[in-house]
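J.: Its first residue numbered 4, the sequence shown is counted upward by one per residue in this note's numbering.
Think of the CB as a built atom: it goes at the ideal place given N, C-alpha and C, for glycine as much as any other residue.
Please read all numbers here as calculations on a predicted model, not as lab measurements.
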Amino acid sequence: MNVVVVESPSKAKTINKYLGSGYKVLASFGHVRDLPAKDGSVLPDQDFEMTWEVDSASQKRMKDIADAVKSSDSVFLATDPDREGEAISWHVLDLLKKKRVIGDKPVKRVVFNAITKKAVLDAMANPRDIDVPLVDAYLARRALDYLVGFNLSPVLWRKLPGARSAGRVQSVALRLVCDRENEIERFVSEEYWNLSALLKTPRGDEFEAKLVQADGKRLAPRGIKTGDDANRLKALLDGAAYTVESVEAKPVKRNPGPPFTTSTLQQAASSNLGFNASRTMQVAQKLYEGFDIDGETVGLITYMRTDGVQMAPEAIDAARSAIVSQFGERYLPEKARFYSTKAKNAQEAHEAIRPTDFNRTPDKVRKFLDSDQARLYELVWKRGIASQMASAEMERTTVEILAANGADKAGLRAVGSVVRFEGFLGAYVDSREDAEKSEDDDEDGRLPEINAREKLDRQKVNASQHFTEPPPRYSEASLIKKMEELGIGRPSTYAATLKTLSDREYVVTEKRKLIPHSKGRLVTAFLESFFTKYVEYDFTADLEEKLDKISAGELDWKQVLREFWQDFFAQIEDTKELRVTNVLDALNEALAPLVFPKREDGSDPRICQVCGTGNLSLKLGKYGAFVGCSNYPECNFTRQLSSEGGAEADASGLNEPKALGDDPHTGEPLTLRSGRFGPYVQRGDGKEAKRSSLPKGWKPEDIDHEKALALISLPRDVGQHPESGKMISAGLGRYGPFLLHDGGYANLESIEDVFSIGLNRAVTVIAEKVAKGPGGRGRGTPAALKELGDHPDGGTITVRDGKYGPYVNWGKVNATLPKGMDPQSVTIEQAMALIIEKGGKASTGKAKAKPKKAAAKADGETKASAPKKAAAKKAPAKKAPAKKAATKTKKTDT
4 MNVVVVESPS
14 KAKTINKYLG
24 SGYKVLASFG
34 HVRDLPAKDG
44 SVLPDQDFEM
54 TWEVDSASQK
64 RMKDIADAVK
74 SSDSVFLATD
84 PDREGEAISW
94 HVLDLLKKKR
104 VIGDKPVKRV
114 VFNAITKKAV
124 LDAMANPRDI
134 DVPLVDAYLA
144 RRALDYLVGF
154 NLSPVLWRKL
164 PGARSAGRVQ
174 SVALRLVCDR
184 ENEIERFVSE
194 EYWNLSALLK
204 TPRGDEFEAK
214 LVQADGKRLA
224 PRGIKTGDDA
234 NRLKALLDGA
244 AYTVESVEAK
254 PVKRNPGPPF
264 TTSTLQQAAS
274 SNLGFNASRT
284 MQVAQKLYEG
294 FDIDGETVGL
304 ITYMRTDGVQ
314 MAPEAIDAAR
324 SAIVSQFGER
334 YLPEKARFYS
344 TKAKNAQEAH
354 EAIRPTDFNR
364 TPDKVRKFLD
374 SDQARLYELV
384 WKRGIASQMA
394 SAEMERTTVE
404 ILAANGADKA
414 GLRAVGSVVR
424 FEGFLGAYVD
434 SREDAEKSED
444 DDEDGRLPEI
454 NAREKLDRQK
464 VNASQHFTEP
474 PPRYSEASLI
484 KKMEELGIGR
494 PSTYAATLKT
504 LSDREYVVTE
514 KRKLIPHSKG
524 RLVTAFLESF
534 FTKYVEYDFT
544 ADLEEKLDKI
554 SAGELDWKQV
564 LREFWQDFFA
574 QIEDTKELRV
584 TNVLDALNEA
594 LAPLVFPKRE
604 DGSDPRICQV
614 CGTGNLSLKL
624 GKYGAFVGCS
634 NYPECNFTRQ
644 LSSEGGAEAD
654 ASGLNEPKAL
664 GDDPHTGEPL
674 TLRSGRFGPY
684 VQRGDGKEAK
694 RSSLPKGWKP
704 EDIDHEKALA
714 LISLPRDVGQ
724 HPESGKMISA
734 GLGRYGPFLL
744 HDGGYANLES
754 IEDVFSIGLN
764 RAVTVIAEKV
774 AKGPGGRGRG
784 TPAALKELGD
794 HPDGGTITVR
804 DGKYGPYVNW
814 GKVNATLPKG
824 MDPQSVTIEQ
834 AMALIIEKGG
844 KASTGKAKAK
854 PKKAAAKADG
864 ETKASAPKKA
874 AAKKAPAKKA
884 PAKKAATKTK
894 KTDT
């Protein structure tokens with residue numbers, strides 16, 4: 004028997020069917036060990052010795068693999084055909100050697116780019132040894148990521164509270180997002196105008212031509228800057244005569260793009276299907292691993308982590324054959340197409356992503372797949388087959404028009420395109436009739452018949468005002484594309500990098516756009532200020548290139564680590580001398596648009612508007628950075644940074660406190676502010692100032708003096724309860740509006756009820772709440788079944804009926820009645836005994852000895868020094884375990 008180790012269980016099941024009874028295929032479930040997330044897992048001082056850890060789940064799987072290997076004839080390591088797959092095979096083999104189950108058994112590595120019977124059998128017939136340089140590249144990458152993360156992240160924690168972590172690729176990707184946000188903030192919009200004329204031919208056909216020449220010169224894009232210029236040129240066109248100067252029609256060919264790589268698949272899935280990178284890779288993984296189709300389990304696409312754009316020769320032949328059978332001879336180019344990538348540092352070690360069988364069309368497999376799988380497969384199939392199809396043939400017509408108004412002249416141009424042969428575009432439409440409609444948006448529509456030297460009638464002249472817009476924020480797809488262009492990261496890391504940025508709350512996604520969180524911008528500004536080299540795009544790309552050279556056997560992996568660590572460690576050591584003021588000064592400068600947004604009145608955004616003399620600056624607190632006044636504690640103004648890229652504290656849009664007038668009773672100012680938990684109203688200043696959060700549904704822009712005063716005056720006395728004589732009050736709490744009476748709460752339906760409810764309605768609400776019984780937040784105390792009299796220390800003793808049966812109540816002490824005791828026959832003496840047993844005091848101050856002793860011992864007090872009240876209660880006895888635990892911790896520290 005031969006043992007074959009693959010990564011996933013579904014892959015194992017499929018390959019087992021292909022290989023038959025002579026093989027046992029087992030899954031490793033991905034990586035079987037990793038570097039422990041703690042200091043010392045990589046030791047630079049010991050030539051980068053690495054300590055690996057196997058988790059409990061992997062230990063069980065490795066035991067199953069080892070047990071199978073013991074009785075096997077040979078071992079085949081068939082993990083994925085990339086750097087990570089090679090590393091998994093190396094880990095598995097190393098662990099099997101440590102378990103001493105390999106012996107002299109032959110161990111071979113096999114790789115296949117597609118999970119089809121032919122691909123798997125061909126790979127098994129051509130095994131190889133583990134690629135040591137590829138493993139070395141994995142070890143170098145893993146060590147680098149560990150050294151950066153576990154040395155840079157603690158610097159962030161010390162110097163920038165609230166920051167989560169930093170990473171070698173993660174931090175550079177974050178910088179891209181933050182740099183784009185900086186561009187947007189610095190962008191100054193410019194006005195420009197476009198002019199066009201709607202013209203009619205002698206045959207009555209209308210078309211539009213755009214102004215491209217005026218004042219004797221060619222107009223640059225956005226060349227008309229002002230309304231005055233636009234109106235002058237419009238007047239010229241309104242009075243002009245129009246003549247066709249030339250009509251030029253020339254054939255144009257449009258070529259198909261290459262098959263998908265990991266990044267282009269993620270981009271296309273984002274644009275066409277709305278998938279994020281993680282979702283794309285999850286669906287692609289399933290398509291790769293395969294489905295049961297007509298009794299055979301087959302993978303539908305080739306391996307989906309690749310930066311290669313070329314297809315295997317046999318795949319090209321299969322695609323060309325399918326083109327002839329499905330589209331016809333005319334759609335097949337004379338020669339096969341070959342592609343190469345333009346991405347920086349691309350390895351192109353593997354095929355592009357393509358269908359495993361081009362005759363397996365999307366329509367044929369749709370019934371075996373769910374909606375997402377079917378749509379992604381269709382995307383891959385169309386792109387794959389289109390890449391080998393004939394070019395689309397078009398006719399592009401350009402019409403040059405002269406507009407003459409006396410001595411003033413202007414030039415206009417109209418452009419149109421017509422598809423003469425759809426070529427590869429035929430792969431993207433469901434019918435031949437729709438081929439022309441599949442034109443990309445950048446292609447112009449068809450023009451009517453227009454002849455040179457003929458006169459045209461002006462129908463209308465349009466002058467439209469426009470403003471330049473800032474560069475768009477990155478989407479996941481466009482960020483991946485940019486990372487690929489710069490050579491940052493690799494196909495297997497893109498989705499994980501983006502997920503990390505999201506999980507760390509460094510980036511938020513809104514309408515599929517990536518917006519840097521204030522945390523992310525602070526981290527980036529800090530790294531750019533004090534670790535500049537390590538977030539530079541070129542440095543990161545050069546390091547990726549060195550890793551690729553390691554995998555090619557051209558560089559020694561430990562030498563690369565030594566060179567990196569020498570400078571990086573020195574930089575880490577230098578930050579130990581950094582003072583918080585140095586950090587804050589750098590961040591204030593780097594993040595000025597975020598920290599000090601412009602004010603509508605044009606005043607200095609760094610001057611505190613509360614005290615008028617203090618300077619605003621970033622401050623570092625337990626929960627991260629915030630803006631505060633230099634006159635603290637005399638001026639306690641603070642403002643949180645926004646949770647998403649903008650400068651406001653939150654969605655309220657409040658940058659500074661908004662004055663709402665004074666409280667007529669105290670004379671203190673009322674202000675609307677924004678804090679960590681949203682907008683709130685405050686009366687007065689300083690630590691003693693009273694505050695009230697805005698209720699759910701109340702918008703900051705709707706808050707005026709009256710509403711602020713009503714909020715800040717809560718809780719409101721409604722009136723005395725007619726039975727108990729105790730006050731009923733209405734207020735707003737953490738869980739919403741409520742009524743409070745005699746220590747019991749009852750919920751109100753809306754915040755408006757807090758201000759309007761009268762005594763009669765309040766009594767009814769409380770009675771209804773009591774009738775529901777105890778249990779759950781906000782429920783009132785159950786009504787008394789019987790009052791037994793007053794406790795010697797004050798307060799009434801009552802008998803009540805609770806969720807778990809009748810009980811005696813005195814203040815906060817509840818004592819359940821013994822089973823069988825009639826609640827109506829309970830005497831005050833019986834009740835006192837139950838209360839004392841539960842932990843309540845007796846009239847003499849005496850209680851059961853056991854609770855008293857436990858309380859005194861727990862508090863660490865002598866019998867003479869312990870307060871009687873503490874001795875009478877049972878609750879303090881719970882402190883004893885805490886003290887014991889503390890003692891144990893102390894031993895560990897010593």
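Quick one, which of V301, A413, S192 and N154 has its alpha-carbon nearest A169's?
T.: N154
J.: The alpha helix (DSSP H) that contains F572, what's its start and end?
T.: W560 to T578
J.: Flag this pair as yes or no: are the beta carbons of A280 and Y497 separated by less than 8 Å?
T.: yes
J.: Find the nearest neighbour of V250 within the set D218, D139 and S420, judged by alpha-carbon distance.
T.: S420
J.: Taking only three categories from DSSP, how would you classify K256?
T.: strand
J.: Flag this pair as yes or no: are the beta carbons of Q288 and M307 separated by less than 8 Å?
T.: yes
J.: Among T267, L428, L239 and E403, which one has its Cα closest to the Cα of A417?
T.: Residue E403 holds the alpha-carbon nearest to the alpha-carbon of A417 among T267, L428, L239 and E403.
J.: Start and end of the beta strand (DSSP E) containing V613?
T.: Where V613 is concerned, there is no enclosing beta strand (DSSP E), given that its DSSP letter is neither H nor E.
J.: At what residues does the beta strand (DSSP E) containing N812 begin and finish?
T.: Here the beta strand (DSSP E) through N812 covers G808 to W813.
J.: Would you tell me roughly how many angstroms separate the C-alpha atoms of T641 and F599, rounded to the nearest one?
T.: 13 Å
J.: Work out the CA separation of R103 and V35 for me, nearest whole Å.
T.: 17 Å
J.: Is the separation between the beta-carbon of D411 and that of L239 shorter than 8 Å?
T.: yes
J.: Between E89 and S495, which are expected to be in contact by the criterion C-beta below 8 Å, what is the C-beta distance as a whole number of angstroms?
T.: E89 to S495, Cβ: 12 Å. No contact.
J.: Contact between the segment 333-346 and the segment 368-381: three or more CB pairs below 8 Å?
T.: Taking a contact to require three or more Cβ pairs closer than 8 Å, the segment 333-346 and the segment 368-381 do not qualify as touching.
J.: Compute the distance between the beta-carbons of K256 and E56, then report whether it is under 8 Å.
T.: Not closer than 8 Å, so no.
J.: Could you pull out every residue in the same chain whose Cβ sits closer than 6 Å to the Cβ of N19, ignoring the five residues on either side in sequence?
T.: Contacts found: V28.
J.: Which one or two residues does DSSP pair with I356 in a beta bridge?
T.: F263
J.: Give the DSSP bridge partners of T641, in chain order.
T.: Beta-bridge pairing by DSSP links T641 to G631.
J.: What three-state label does DSSP hand I105 in the structure shown?
T.: In the three-state DSSP reduction, I105 falls in the coil class, being neither helix nor strand.
J.: Which residue's Cα is closest to the Cα of V768: E790, P740 and D793?
T.: P740
J.: What distance in whole Å lies between the Cβ atoms of G490 and E557, which are believed to be in contact at a cut-off of 8 Å?
T.: The pair is not a contact, with the Cβ atoms about 17 Å apart (cut-off 8 Å).
J.: On the three-state DSSP scale, how would you describe K522?
T.: Three-state DSSP puts K522 in a helix.
J.: Compare the beta carbon distance of Y509 and L179 with 8 Å and say whether it is the shorter of the two.
T.: no
J.: Could you give the first and the last residue of the continuous beta strand (DSSP E) run that contains F741?
T.: It spans G739 to H744 - the beta strand (DSSP E) in which F741 sits, taken as one unbroken run.
J.: With respect to the alpha helix (DSSP H) encompassing S420, which residues constitute its N-terminal and C-terminal limits?
T.: Here S420 belongs to no alpha helix (DSSP H); instead the beta strand (DSSP E) covers D411 to F424.
J.: When the Cβ atoms of the segment 522-538 are set against those of the segment 570-581, are three or more pairs found closer than 8 Å?
T.: Counting C-beta pairs with one atom in each stretch, the segment 522-538 and the segment 570-581 have three or more that are closer than 8 Å, which means they touch.
J.: So the candidates are L525, R565, R719 and A544; which of them puts its Cα closest to the Cα of V630?
T.: L525
J.: For D241, which residues from the same chain have a beta carbon less than 6 Å from its beta carbon, with the 5 sequence-adjacent residues on both sides left out?
T.: V464
J.: Would Y738 be called buried (16 or more neighbouring beta carbons within 10 Å of its own) or exposed?
T.: exposed
J.: Pairs of beta-carbons, one from the segment 136-148 and one from the segment 478-487, closer than 8 Å: are there three or more?
T.: no
J.: For V8 and F79, what's the separation of their Cα atoms in angstroms?
T.: So the alpha carbons of these two residues sit roughly 6 Å apart.
J.: Classify E184: buried if its beta carbon has 16 or more other beta carbons within 10 angstroms, exposed otherwise.
T.: Buried is the call here.
J.: In this structure, how does DSSP classify Q462 when only helix, strand and coil are distinguished?
T.: strand
J.: In the DSSP assignment, the beta strand (DSSP E) including F234 goes from what residue to what residue?
T.: Note that residue 234 is Asn in the sequence shown, not Phe. Judged by DSSP secondary structure, N234 falls outside any beta strand (DSSP E) and instead within the alpha helix (DSSP H) spanning G230 to D241.
J.: Going by C-alpha distance, which of F263, R235 and F567 is nearest L546?
T.: For L546, the closest C-alpha among the options F263, R235 and F567 is that of F567.
J.: Determine the extent of the alpha helix (DSSP H) in which T17 is found, giving its start and end residues.
T.: P12 to L22
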